[in-house]
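A.B. asks: What follows is a structure written as structure tokens; I'll ask about it next.
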Amino acid sequence: MHLVFLGPPACGKGTQSAALVKKFGYYHLSTGDLMRKEIATDSALGKMLKKNIETGVLAASEIVNELLKKDIENNRQKSILFDGYPRKVDQAEYLDAVLKENKSTLKQVFYFDIDAEELFQRILSRITCKACEAVYNLQTNPPKEDGVCDSCGSHDLVKRGDDNEEILKNRIKSFYEETAPLREFYQKRGILTVIDARAPVEIVTEQIVNAL
Ligand code: AMP
0 MHLVFLGPPA CGKGTQSAAL VKKFGYYHLS TGDLMRKEIA TDSALGKMLK
50 KNIETGVLAA SEIVNELLKK DIENNRQKSI LFDGYPRKVD QAEYLDAVLK
100 ENKSTLKQVF YFDIDAEELF QRILSRITCK ACEAVYNLQT NPPKEDGVCD
150 SCGSHDLVKR GDDNEEILKN RIKSFYEETA PLREFYQKRG ILTVIDARAP
200 VEIVTEQIVN AL
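Mapping to numbering that gives the first Met the number 0: the sequence shown position 169 is 168, numbers consecutive.
Printed below as a string of structure tokens:
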């Protein structure tokens with residue numbers, strides 16, 4: 000049965016998705032990743048989506064819905080973990096409809112609770128290894144040796160393109176204005192679990208696993 004991770008940028012959804020995929024074998028469906036794949040093909044659609052990723056403004060639901068539907072249909076037999084979708088009430092309704100067509104339903108929705116101030120701190124001090132994509136936080140989880148990746152030894156530790164203050168403001172704004180109302184949407188349906196996303200990574204995983 001399928002799960003949704005709902006939360007603002009840098010709340011830890013990606014890290015927790017990786018943990019659940021490893022532990023339980025969920026299929027991780029991230030609409031951000033689907034968009035980045037489309038952009039990599041250099042298609043006309045990809046060129047449109049690139050603007051959204053670069054500015055942090057949500058893409059049109061009709062486009063994201065198409066990418067989502069195709070991916071759900073390609074993974075019909077699997078339990079899916081939705082990360083970054085739905086981001087609006089109309090998308091939540093669309094997800095219901097597509098799952099129904101596939102004779103399936105959502106089991107649970109996890110809301111990652113964290114305040115905006117902490118998100119700024121996390122993102123602005125986040126660096127990524129260009130070689131192996133390991134993620135570090137200069138304040139809370141720095142590499143052991145300054146400027147050197149613990150995992151692969153590369154010296155290429157960089158900030159992600161959309162981890163800057165201006166884009167981050169847009170991403171956080173769109174979360175609170177358009178996505179946060181989904182908390183009530185799923186609460187009314189009785190499938191919402193709120194977790195404390197300020198806790199250390201392993202504790203957040205524990206909260207999720209215990210609630211499943
Ligand atoms: P993410 O990797 O989930 O942080 O997504 C990166 C960017 O892709 C977001 O800032 C949005 O511009 C766009 N995006 C991802 N998922 C959606 C969605 N479900 N609806 C609209 N835009 C999306």
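A virtual CB, placed ideally from N, CA and C, is assigned to each residue, including glycine.
1) Are the Cβ atoms of THR204 and ALA18 separated by less than 7 Å?
2) What are the boundary residues of the beta strand (DSSP E) that ARG86 is part of?
3) Let me check you understand the geometry: is the CB of ALA83 closer than 6 Å to at least one non-hydrogen atom of the ligand AMP?
4) Could you check where the alpha helix (DSSP H) with SER16 kicks off and where it finishes?
5) Measuring CB to CB, does GLY55 end up less than 7 Å from ARG125?
6) Considering only their Cβ atoms, is the gap separating LEU156 from GLY146 smaller than 7 Å?
7) Closer than 6 Å: is that where the CB of ILE52 sits relative to any heavy atom of the ligand AMP?
8) With 16 other CB atoms within 10 Å as the buried threshold, where does MET0 fall?
9) Helix, strand or coil, according to DSSP, for ILE190 in the structure here?
10) Use the C-beta contact count for ASN64: other C-beta atoms within 10 angstroms, 16 or more gives buried, fewer gives exposed.
11) According to DSSP, what are the bridge partners of GLN107?
12) Is any heavy atom in the ligand AMP found nearer than 6 Å to the beta carbon of ARG86?
13) Starting from CYS128, follow its DSSP beta bridges and name the residues at the other end.
14) Rounded to the nearest angstrom, what separates GLY6 and PHE174 at their Cα positions?
15) In this structure, does DSSP put LEU80 in helix, strand or coil?
16) Can you tell me whether VAL3 sits near the ligand AMP, meaning its C-beta is under 6 Å from at least one heavy atom of the ligand?
17) Could you tell me whether the Cβ atoms of LEU80 and TYR25 are closer together than 7 Å?
18) Within 7 Å (strictly less), CB to CB, does LEU67 reach chain D?
19) Could you spell out where the alpha helix (DSSP H) holding LEU33 opens and where it closes?
20) Suppose the cutoff is 8 Å on Cβ atoms and the five residues either side in sequence are ignored; what does the same chain contact list for ARG35 look like?
21) Given this structure, state the Cα-to-Cα distance separating ASP149 from LYS143, to the nearest angstrom.
22) Considering only their Cβ atoms, is the gap separating VAL108 from ILE71 smaller than 7 Å?
C.D. replies: Looking at the atomic coordinates:
1) As a first step, residue 204 must be located in the sequence shown, where it is residue number 205. As a first step, residue 18 must be located in the sequence shown, where it is residue number 19. Contact: yes.
2) What you label residue 86 is simply residue 87 of the sequence shown in a count that begins at 1. Neither: ARG86 is in no beta strand (DSSP E) and is coded neither H nor E.
3) Stepping through the sequence shown from its first residue, residue 83 is reached at position 84. Residue identity differs from the one stated: residue 83 is Gly in this sequence, not Ala. Checking every heavy atom of the ligand AMP against the Cβ of GLY83, one is found closer than 6 Å.
4) Residue numbering aside, residue 16 sits at position 17 when the sequence shown is read from its first letter. Element bounds for SER16: 12 to 23.
5) For this step, residue 55 is matched to residue 56 along the sequence shown. For this step, residue 125 is matched to residue 126 along the sequence shown. Contact flag unset, no.
6) Stepping through the sequence shown from its first residue, residue 146 is reached at position 147. Stepping through the sequence shown from its first residue, residue 156 is reached at position 157. Contact flag set, yes.
7) As a working note, residue 52 is residue 53 in the sequence shown. The nearest non-hydrogen atom of the ligand AMP is less than 6 Å from the C-beta of ILE52.
8) Here residue 0 refers to the residue found at position 1 when the sequence shown is read from its first residue. Counting Cβ neighbours within 10 Å, MET0 comes out exposed, since fewer than 16 surround it.
9) For this step, residue 190 is matched to residue 191 along the sequence shown. Correct three-state label for ILE190: coil.
10) Here residue 64 is taken as the residue at index 65 of the sequence shown, counted from 1. Its Cβ being crowded by 16 or more others within 10 Å, ASN64 is buried.
11) Residue 107 sits at position 108 when you count from the first residue of the sequence shown. According to DSSP, which records beta bridges pairwise, GLN107 is partnered with LEU2.
12) Numbered from its first residue, the sequence shown carries residue 86 at position 87. For the ligand AMP, at least one heavy atom lies less than 6 Å from the Cβ of ARG86.
13) Here residue 128 refers to the residue found at position 129 when the sequence shown is read from its first residue. LEU156.
14) Within the sequence shown, the letter at position 7 stands for residue 6. Within the sequence shown, the letter at position 175 stands for residue 174. Going by the C-alpha atoms only, they are around 8 Å apart.
15) Locating residue 80 in the sequence shown gives position 81, counting from the first residue. In the structure shown, LEU80 sits in a strand (DSSP, three-state: E or B).
16) Within the sequence shown, numbered from 1, the residue matching residue 3 stands at position 4. Flag unset: Cβ of VAL3 not near the ligand AMP.
17) The residue you call residue 80 lines up with position 81 of the sequence shown. The residue you call residue 25 lines up with position 26 of the sequence shown. Their beta carbons are under 7 Å apart, which means LEU80 touches TYR25 by this criterion.
18) Of the protein chains in this structure there is only one, and it is not chain D.
19) Within the sequence shown, the letter at position 34 stands for residue 33. Unbroken alpha helix (DSSP H) run through LEU33: 30 to 39.
20) What you label residue 35 is simply residue 36 of the sequence shown in a count that begins at 1. Correct list, in chain order: ILE52.
21) Numbered from its first residue, the sequence shown carries residue 149 at position 150. Numbered from its first residue, the sequence shown carries residue 143 at position 144. The alpha-carbon atoms of ASP149 and LYS143 are separated by roughly 6 Å.
22) Reading the sequence shown from its first residue, position 72 is the one you call residue 71. Reading the sequence shown from its first residue, position 109 is the one you call residue 108. No, they are not a contact pair.
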